[in-house]
Each structure stands twice: as C-alpha cells, then as structure tokens.
Amino acid sequence: MITTSLRLKKSIDPETQAILRDAHTACSTRGVEFVLIGAKARDLILHHVYGAPVQRATFDVDIALQVSDWPAFQAVRDALIAQGYSATATEHRLVHEPGGYIDIIPFGEIANEEGHIA
C-alpha cells in the first residue's frame, strides 16, 4: 500500500476534527481500518488542500469501516456511543453533539459472495 500525505492549506472545523479523532480512537483500538468517504472527503481534498470553494455544505461525516463481521462493526459503533454519540433509528448513523452526525458504513469480508452487505 502506498501512503500519500496532503498538506492542508485551510483548517478543518473543530466538529469534523472531533468526529475524525473519535473514529480513529474507536477503530484503532479495535484493529479496524477506516477511510473517510463522501462529501467530507471531497471537501477535505478540494477545499482544504487545493482551496476550491465549497459548493454545498454537508453536516455529516461518512466513514467506511473495513470489518470482517457484524460483531466488529458493532464494537466500533458501541465504542462511539461510549464516547458520547447517540444512536438513531438508522443502525449506521450516530449523532454527535453539539452538532452533526457520523455514518459508519461497513465493507470488506463482511460482504457476501456477490459483494452485498445486509
């Protein structure tokens, strides 16, 4: 795997920093790899690295969790709840106070032979 580091030219808002820090803690202590995906990933690269204006604001942080099974997913979810996140009716969405939310999307060995997750 090749690791590439980008230098941020603009600072990331404190809420997003807190969510990413919490995700890192919840995942790394459980041996789960994760990657930032979705609109925040787009904004991080285009706005915070290259200075392009944000076209649409997004209030959620989407991360993909590389997990082998549902207990591994649940362990990360439970860890985030223990850090102060609130569960919602949607299993993969957690609310972070004072604002915003995080969607944790599983991928990897958890998928069946057709690549579906259910």
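All the letters of the sequence shown, read from the start, carry residue numbers 1 to 118 under the UniProt record's numbering. Every residue, glycine too, gets a C-beta built ideally from N, C-alpha and C.
Just the Cα atoms here: how many angstroms apart are residue i and residue j?
i, j, result
"ASP43", "VAL54", "7 angstroms"
"TYR50", "SER86", "34 angstroms"
"ALA18", "HIS24", "10 angstroms"
"GLU113", "PRO106", "15 angstroms"
"ALA111", "LEU6", "31 angstroms"
"ILE45", "HIS92", "24 angstroms"
"ASP103", "ILE2", "26 angstroms"
"ALA57", "GLY115", "31 angstroms"
Apart from the five residues on each side of it in sequence, which residues of its chain come closer than 7 angstroms, Cβ to Cβ, to residue i?
i, result
"THR16", "LYS40, VAL61"
"GLY108", "GLN66, VAL67, SER68"
"ASP22", "LEU80, GLN83"
What does a CB cutoff of less than 8 angstroms around residue i pick up in its chain, not counting 5 residues either side in sequence?
i, result
"GLY99", "GLU15, PHE59"
"ILE81", "ALA87, LEU94"
"GLU97", "GLY84, SER86"
What residues match up with residue i in a beta bridge as DSSP calls it?
i, result
"GLU109", "Answer is none; GLU109 lacks a bridge partner."
"GLN66", "GLU33, PHE107"
"TYR101", "ASP60, VAL95"
For residue i, I'd like the list of residues in its chain whose CB is within less than 6 angstroms of its CB, leaving aside the five on either flank, ordered along the chain.
i, result
"ALA79", "ALA26"
Is the beta carbon of residue i sitting closer than 9 angstroms to the one on residue j?
i, j, result
"ALA89", "ARG30", "no"
Could you tell me whether any Cβ in chain C is nearer than 9 angstroms to the Cβ of residue i?
i, result
"SER28", "Looking at the structure shown, chain C is missing, and only one protein chain is on hand."
Please confirm if the stretch 35–43 is in contact with the stretch 61–76, defined as three or more CB-CB distances below 8 angstroms between the two stretches. Judged by pairs of C-beta atoms under 8 angstroms, the stretch 35–43 touches the stretch 61–76, as three or more such pairs exist.
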